[in-house]
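Asks: Under my numbering, the first residue of the sequence shown is numbered 2, with each subsequent residue one higher.
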Amino acid sequence: MSQNSMSSKIGHAAKWSTFTEVAAKLVTPVTNIILARLLAPEAFGIITIVVMVVSFAEMFTDAGFQKYLVQHEFSDTEEKEKTANVAFWTSLFISLVIYAFIFIFRHQLAAAVGNPALGNVIAFAAMQIPIYAFSSVQIALNRRDYNFKLLFLVRIVIVTIPLFVTLPLAFFGYGYWSIIIGTISGSISSAIIFMRISEWKPSFFYSFSLFKTMFSFSSWTLLEATAIWLTAWVDVFIIGSFLSEYFVGLYRTSLNMVESLFALITASMNPVLFSALSRLQNDHYKFTAMFLSAQRLLAFLVFPIGMGLFLYRDFATSIMLGPKWTEASTILGLWALTSAIRLVMVSIFSEVYRSMGRPKISLFLQTIDLLIIIPVCLISLQVGFWELVYARAFVRLDLIIPGLFVMSIIFKISAHRILKNVIKPLICTLIMSAVALLLQSISDLPVWSAISIALCILVYFLALFYVDKGTVIAAKKVIVSKEV
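1. Please identify the residue among 159, 157 and 182 whose C-alpha is closest to the C-alpha of residue 486.
2. I'd like the span of the alpha helix (DSSP H) that includes residue 120, first residue to last.
3. Since residue 393 is in the alpha helix (DSSP H), which residue starts that stretch and which ends it?
4. Assuming residue 333 and residue 259 form a contact by the criterion Cβ under 8 Å, report the distance between their Cβ atoms to the nearest whole angstrom.
5. How many Å lie between residue 377 and residue 162 at the Cα?
6. With DSSP collapsed to three states, give me the class of residue 481.
7. To the nearest whole angstrom, what separates the beta carbons of residue 364 and residue 228, a pair I think is in contact under 8 Å?
8. Checking 9 Å against the spacing of the C-beta atoms, do residue 95 and residue 127 come in under that value?
9. Contact check, residue 392 vs residue 250 under 8 Å by CB: the rounded distance?
10. Just tell me which of 196, 85 and 119 has its CA closest to the CA of residue 55.
11. What does the Cβ neighbour count give for residue 160, buried or exposed, with the cut at 16 atoms within 10 Å?
12. I'd like the span of the alpha helix (DSSP H) that includes residue 93, first residue to last.
13. Just tell me which of 157, 380 and 346 has its CA closest to the CA of residue 418.
14. State the start and end residues of the unbroken alpha helix (DSSP H) segment that holds residue 304.
15. Starting from residue 441, trace the alpha helix (DSSP H) both ways and give me its first and last residue.
16. Quick one, are the C-beta atoms of residue 349 and residue 292 less than 9 Å apart?
17. So what does DSSP say about residue 134, is it helix, strand or coil?
18. Comparing alpha-carbon positions, which option in 243, 124 and 411 lies nearest residue 384?
19. For the segment 299-310 against the segment 334-344, are there 3 or more C-beta pairs whose distance is under 8 Å?
20. Quick check on this structure: which residue in 438, 441, 437 and 133 has the alpha carbon closest to the alpha carbon of residue 194?
21. For the candidate residues 144, 190, 288 and 420, whose alpha-carbon lies nearest to that of residue 165?
22. Is the beta carbon of residue 433 sitting closer than 9 Å to the one on residue 464?
23. Give the straight-line distance between the Cα atoms of residue 66 and residue 441, rounded to the nearest whole angstrom.
24. Mind pulling the alpha helix (DSSP H) runs of 4 or more residues that sit fully within the segment 204-284?
25. Tell me which residue opens and which closes the alpha helix (DSSP H) that residue 347 is part of.
26. On the CB-based measure, 16 or more other CB atoms within 10 Å of its CB, does residue 444 come out buried or exposed?
27. Spatial neighbours of residue 372 within its chain, please: CB distance less than 8 Å, with the 5 preceding and 5 following residues excluded, ordered by chain position.
28. Alpha carbon to alpha carbon, how far is residue 483 from residue 186?
29. Which of the three DSSP states, helix, strand or coil, is assigned to residue 357?
30. May I ask which residues mark the beginning and end of the alpha helix (DSSP H) holding residue 187?
31. Starting from the C-beta of residue 224, find all residues in its chain whose C-beta is less than 8 Å away, skip the five residues before and the five after it, and write them out in chain order.
32. So for residue 334, helix, strand or coil by DSSP?
33. Flag residue 157 as yes when its Cβ comes closer than 8 Å to any non-hydrogen atom of the ligand SAH, and as no otherwise.
34. What does the Cβ neighbour count give for residue 255, buried or exposed, with the cut at 16 atoms within 10 Å?
35. Note down, in chain order, each residue of its chain lying with its Cβ closer than 8 Å to the Cβ of residue 429, except the 5 sequence neighbours on either side.
36. Apart from the five residues just before and just after residue 129, which ones in its own chain have a Cβ nearer than 7 Å to its Cβ?
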């Protein structure tokens with residue numbers, strides 16, 4: 002594939018991926034904003050516990066095959082078709098075994114996560130695990146081929162179905178069941194749509210030798226995903242084990258709101274970036290240029306969001322969650338600030354590790370992260386819940402130095418280049434922050450907060466145009482000409 006053709010495909014994919022995730026991720030915060038006013042924090046605490054169990058099981062269902070299908074270079078179409086079939090039947094078998102295990106031991110699992118009464122709820126919610134197996138391979142193949150337009154159309158249909166199921170059920174008093182039923186209805190819709198419109202359809206083919214080849218790669222990817230899952234959920238597990246559903250709901254719902262906002266950007270960027278880097282893995286110059294461009298763009302997007310949510314955390318909480326969630330403002334602000342830094346200086350490095358077929362590196366770093374997080378959470382919780390909140394937020398920055406070291410030594414992308422790459426986004430964000438603090442000193446009324454936020458956005462874009470006019474022009478070219 003020529004460079005121009007590659008750029009065009011990546012640019013086209015990036016735009017459709019962005020449309021997909023913006024549309025999908027806008028539905029999630031809007032739904033949560035309404036649900037936060039209909040449901041109590043305790044209900045969200047119960048949902049959090051259920052999601053924790055189900056997400057862990059879904060991770061094993063995929064078994065790392067999605068990333069293998071995107072990253073691997075196949076010799077021909079026949080090999081790709083056979084690999085997809087092996088991935089599908091393996092995922093389906095594993096999902097059925099996992100669901101059977103969850104159903105049989107549902108009460109024991111509920112007790113293990115701190116709420117013995119949730120056994121039947123977990124078993125019902127876990128129905129989406131085997132359903133997920135019917136769409137995971139199609140998603141991977143479409144990402145591999147940059148077919149994000151199809152993914153966009155499917156995703157729009159899928160995300161709107163729970164919206165029209167969950168909210169009416171919540172309004173009529175079905176509590177956490179409304180979210181569970183809405184999620185399952187979305188999973189069923191996804192499986193049906195992909196099976197009907199995707200070019201690839203499963204056939205009765207299986208090869209144990211091919212499975213062995215795939216698993217030699219996917220086993221490390223699976224271990225990496227497990228470490229990432231533990232990193233994301235171990236704090237929730239600890240809070241659920243020692244405190245009530247109220248604190249679980251307060252904590253995780255705040256995190257979910259922040260993550261859903263950042264996912265507007267990262268969920269549209271990461272699949273395209275991973276696909277592009279995978280195709281460029283044998284060209285170090287183009288690979289490095291693609292990575293640095295993506296990192297700089299990510300920094301320009303997430304730095305102001307993270308700082309803005311931190312500075313206007315009380316106003317943001319009142320808008321996103323409502324009056325019942327005033328305690329969540331501290332959690333939301335801290336998580337937003339540290340998330341922006343982690344996304345640019347830690348998380349994006351993982352796309353490099355995976356695209357180069359080096360999941361062991363990511364696993365090693367995630368293990369270090371986990372070994373730090375667990376004692377920090379346990380020790381800080383002994384002092385109090387809010388001490389855990391502060392400690393957990395700032396310990397998220399622990400992998401910056403190890404990550405820079407790995408990028409410099411193993412992937413030959415120097416720490417100096419990476420740090421220099423984010424200087425301009427940081428300068429623009431600091432200028433915006435200074436203006437925000439000045440405006441906040443005038444008044445703290447909600448109306449003035451809204452006006453000052455609008456002024457800060459204007460200041461940021463003016464600073465961006467002055468500090469890095471080239472990025473603005475390049476972004477415009479991507480939009481107009483579909484090129485990267």
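Ideal placement from N, C-alpha and C gives every residue a C-beta, glycine not left out. Just so it is clear, the structure is predicted and the values come from calculations on it, not from any experiment.
Replies: With the structure as the only source:
1. Past the edges of the chain, shown from 2 to 485, lies residue 486, and the structure says nothing about it.
2. 120-126
3. 386-395
4. 6 Å
5. 40 Å
6. Note that residue 481 scores 47 on pLDDT, short of 50, meaning its location in the model is unreliable and no value can be drawn from it.
7. 6 Å
8. no
9. Contact doesn't hold; Cβ gap of about 20 Å is too wide.
10. 119
11. buried
12. 78-105
13. 346
14. 285-312
15. 424-441
16. yes
17. coil
18. 243
19. yes
20. 133
21. 190
22. yes
23. 49 Å
24. 209-243 and 246-280
25. Premise fails: residue 347 is in no alpha helix (DSSP H) and is neither H nor E.
26. exposed
27. none
28. Unreliable placement is indicated for residue 483, whose pLDDT of 43 sits below 50; no coordinate value is reported for it.
29. coil
30. 177-198
31. 360 and 364
32. helix
33. Summarising the ligand content, the structure contains no ligands, and the ligand SAH is consequently not present.
34. buried
35. 301, 304, 305, 461, 464, 465, 468 and 469
36. 55, 184, 185 and 188
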